[in-house]
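S.K.: This is the structure I want to talk about, given as structure tokens.
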């Protein structure tokens, strides 16, 4: 980034695009020593009492954006000088200074004087050192997955119980149907026996009728005696 320093001037054409590219090139894996000369150049050229309000606003906003990515560049004395611009009569300048103050209340309140830290500032908060990596020991929201698994398991158990009840009901229905069929078959056999008995009785009645007819035929005709 040293080759950008000579172009960091308020009167430079397309200086806003140059500053935006410089901000995007900053991240936590870039050594702070490599960016510090450019960082100081931005402050010296844009943020001073003789600069125009528009230039001061741009300078403070660029400083804030760089510090979001690399807060280790900021020092205590420099920060206290920059946050004094929150008392400026220019609204854009005071807003930019307040934004920088709000950032360091969250990132590293120890760089601020006590009255500027705010009520809810964490005194133990500090930026990560260069190359420091925080390895999470837990995944946010994993308890929701555990609850979802428990709900799914309970639903599966309920479905198994319902399926067992349905299967048991089907077995009972099959048994009931089989019992009815057996009763029907038994009743059919009884009706058949009764039918055979009725046929035998009818045959006996027919034989008796034939014998009676024979007796009637065998009686002599006595009608001539009446004459």
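In UniProt numbering, the protein residues as written are 1 to 227. Where a beta carbon is used, it is the ideal one built from N, C-alpha and C, also for glycine.
1) Among 108, 66, 77, 120, which residue has its Cα nearest to the Cα of residue 22?
2) Identify the continuous alpha helix (DSSP H) that holds residue 93 and give its terminal residues.
3) Are the Cβ atoms of residue 96 and residue 61 separated by less than 7 Å?
4) Which value, in whole angstroms, describes the spacing of the CA atoms of residue 9 and residue 98?
5) Could you give the DSSP three-state label for residue 11: helix, strand or coil?
6) Classify residue 144: buried if its beta carbon has 16 or more other beta carbons within 10 angstroms, exposed otherwise.
7) Residue 46 and residue 30: beta carbons closer than 7 Å?
8) Closest to residue 49 by C-alpha separation, out of 136, 118, 88, 150, would be which residue?
9) Whose C-beta lies closer than 8 Å to the C-beta of residue 52 among residues of the same chain, with five residues either side of it excluded?
M.R.: So, to answer that:
1) 66
2) 91-107 is the span of the alpha helix (DSSP H), which, as asked, contains residue 93.
3) yes
4) 24 Å
5) coil
6) Burial state of residue 144 is exposed, judged by a 10 Å Cβ sphere holding fewer than 16 other Cβ atoms.
7) Cβ atoms of residue 46 and residue 30: not closer than 7 Å.
8) Among 136, 118, 88, 150, the Cα nearest to that of residue 49 is on 88.
9) 10
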